[in-house]
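Note that the numbering used here numbers the sequence shown so that position 20 is 20, with each residue one more than the last.
Working notes, beginning with the structure itself.
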Amino acid sequence: MWPDALVETAKQITIPIEFGLQWDNERIPREASLALFDAFASREKTLHANAGKHFDFPRFEADSAVRFFARHLGRAVTSPA
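Structure (structure tokens):
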């Protein structure tokens with residue numbers, strides 16, 4: 001599980017969150033990732049779950065993160081892909 005301090009800190013975070021997790025992560029248990037996602041106090045939080053292990057994060061998730069930041073920082077960004 002995540003350290004209690006991390007979960008307690010997440011409870012104080014209210015900004016928009018785009019949270020990615022690898023469903024078959026061999027380093028971070030799925031239940032721990034879901035518990036951390038649940039702990040965030042943001043009214044706008046999105047969970048992106050993908051099949052694969054810890055380092056198998058798909059490229060399209062990086063593109064999604066760019067769009068997320070552009071949307072919340074007020075800039076138009078074109079994906080390089």
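Think of the CB as a built atom: it goes at the ideal place given N, C-alpha and C, for glycine as much as any other residue.
Since the structure is predicted, the reported quantities are computational estimates derived from the model, not experimental observations.
In the DSSP assignment, what are the bridge partners of Lys53?
DSSP, once it has assigned bridges, lists no residue as partnering Lys53.
Using the C-alpha atoms, what's the distance from Gln12 back to Asp4?
When rounded, the distance between both Cα atoms is 13 Å.
Report, in whole angstroms, the separation of the C-beta atoms of Glu61 and His48, which I expect to be a contact under 8 Å.
That belief holds up - the Cβ atoms of Glu61 and His48 are roughly 6 Å apart, short of 8 Å.
For Glu18, the first and last residue of its enclosing alpha helix (DSSP H):
Taken as a continuous stretch (DSSP letters only), Glu18 belongs to no alpha helix (DSSP H), being part of the beta strand (DSSP E) at Ile17 to Gln22.
Starting from the Cα of Phe40, find the closest Cα among Ile15, Arg67 and Ala70 and give me that residue.
Out of Ile15, Arg67 and Ala70, Ile15 has the C-alpha closest to the C-alpha of Phe40.
Range covered by the alpha helix (DSSP H) that runs through Ser64:
Per DSSP, Ser64 is one residue of the alpha helix (DSSP H) stretching across Arg59 to Leu73.
Taking the beta carbon of Leu21 as the centre, do at least 16 other beta carbons fall within 10 Å, making it buried, or is it exposed?
Of the residues assessed, Leu21 falls on the buried side of the cut-off, its CB having 16 or more other CB atoms within 10 angstroms.
Since Ala39 is in the alpha helix (DSSP H), which residue starts that stretch and which ends it?
That run of the alpha helix (DSSP H) goes Arg30 to Ala39.
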